[in-house]
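In our numbering, the protein residues as written are 902 to 1134.
Where a beta carbon is used, it is the ideal one built from N, C-alpha and C, also for glycine.
For reference, the structure is listed below as structure tokens.
Next up, the structure:
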């Protein structure tokens, strides 16, 4: 009986030691985990003379000079520019969604062992470390770090599921990431930005235009730089 118990205990130890490494090896087969933040291809800002959109306590200037249709939902406001074949989705920063799952887990006392002290202290830092997570960092002799890496890679996969590129951006008090590039027609871009209070602002911008009116990186840069608290010019 004692021998069986010792074998069982040893088996659990070995499994717990190597299981995270094996899971990361599975994750390494997914292209999304090999995408890392890169500098913006263009940091210039185009002049914007379009409509300013406001929701959830902040506003953003757009390049589209028409009165949009706005439809608020529970945690998302849809804004449509019909004439320009463009649209925006503005997400409520205070609403708990699946995208905020890392944030909720990072603040859970039972999840402390899954995240570093640095990640639990800042939602921006947690997002940055997720996107920088590299399967090659896994080592067989660091099982606890492997668990943390597995979690970061899991959330990275979730964030990158609809995008093939991500760029680190900074604009005034805002810092964060741009997912996607406008270089191709019918583009969709996601911004995940964080203000000086670590409050997350998420905005998705889409354009179906395939001519000269298509979105440019310079316009996107200007849109991010234009973000202000609601009512402030």
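Assumed close pair residue i, residue j - CB separation to whole angstroms, cut-off 8 Å
i, j, result
"residue 1025", "residue 1130", "Their Cβ separation, rounded to whole angstroms, is 19 Å, which puts residue 1025 and residue 1130 out of contact at 8 Å."
"residue 920", "residue 1107", "The Cβ separation is near 40 Å, so there is no contact."
"residue 1067", "residue 938", "5 Å"
"residue 1090", "residue 1081", "5 Å"
"residue 1034", "residue 1053", "4 Å"
"residue 956", "residue 978", "4 Å"
"residue 992", "residue 1103", "4 Å"
"residue 1075", "residue 1099", "Not really, about 11 Å apart at Cβ, beyond 8 Å."
"residue 928", "residue 1036", "6 Å"
Rounded separation between residue i and residue j - CA only
i, j, result
"residue 1010", "residue 949", "45 Å"
"residue 963", "residue 1016", "37 Å"
"residue 968", "residue 1062", "32 Å"
"residue 946", "residue 1051", "38 Å"
"residue 1116", "residue 1110", "8 Å"
"residue 1029", "residue 1065", "16 Å"
"residue 1119", "residue 941", "10 Å"
"residue 1127", "residue 952", "12 Å"
"residue 913", "residue 935", "With a pLDDT of only 39 at residue 913, under 50, the local geometry of the prediction cannot be trusted, and the value read off the model is given with reservation. Each residue's alpha carbon lies about 31 Å from the other."
"residue 1019", "residue 1072", "23 Å"
"residue 1042", "residue 1105", "41 Å"
"residue 1044", "residue 926", "14 Å"
"residue 1046", "residue 1039", "8 Å"
"residue 1121", "residue 961", "11 Å"
"residue 1048", "residue 984", "49 Å"
"residue 1092", "residue 923", "33 Å"
"residue 990", "residue 944", "23 Å"
Span of the beta strand (DSSP E), counted from its first residue to its last, around residue i
i, result
"residue 949", "Taken as a continuous stretch (DSSP letters only), residue 949 belongs to no beta strand (DSSP E), as it is neither H nor E."
"residue 1120", "Run containing residue 1120: none in the beta strand (DSSP E); it sits in the alpha helix (DSSP H), 1118-1126."
"residue 973", "970-973"
"residue 1075", "1075-1080"
"residue 1069", "1067-1072"
"residue 941", "Here residue 941 belongs to no beta strand (DSSP E), and DSSP marks it neither H nor E."
"residue 930", "Unbroken run through residue 930: none, as it is neither H nor E."
"residue 962", "959-962"
"residue 854", "Beyond the ends of the chain as shown, which are 902 and 1134, falls residue 854; an answer cannot be given."
"residue 980", "977-982"
The ligand FAD heavy atom lying under 8 Å from the CB of residue i
i, result
"residue 1054", "For the structure depicted, the ligand FAD is absent and the ligand set is empty, with no information on it obtainable."
(request) Run through the region 1008-1064 for me and flag every whole beta strand (DSSP E) of 3 or more residues, listed as ranges in chain order. (result) Taking only runs of at least 3 residues, no beta strand (DSSP E) segment lies wholly in the region 1008-1064.
(request) Would you mind listing the beta strand (DSSP E) stretches within the region 1087-1118 that are 3+ residues and don't spill past its ends, in chain order? (result) Secondary structure remark: continuous beta strand (DSSP E) runs of at least 3 residues inside the region 1087-1118, in chain order: 1089-1095 and 1101-1108.
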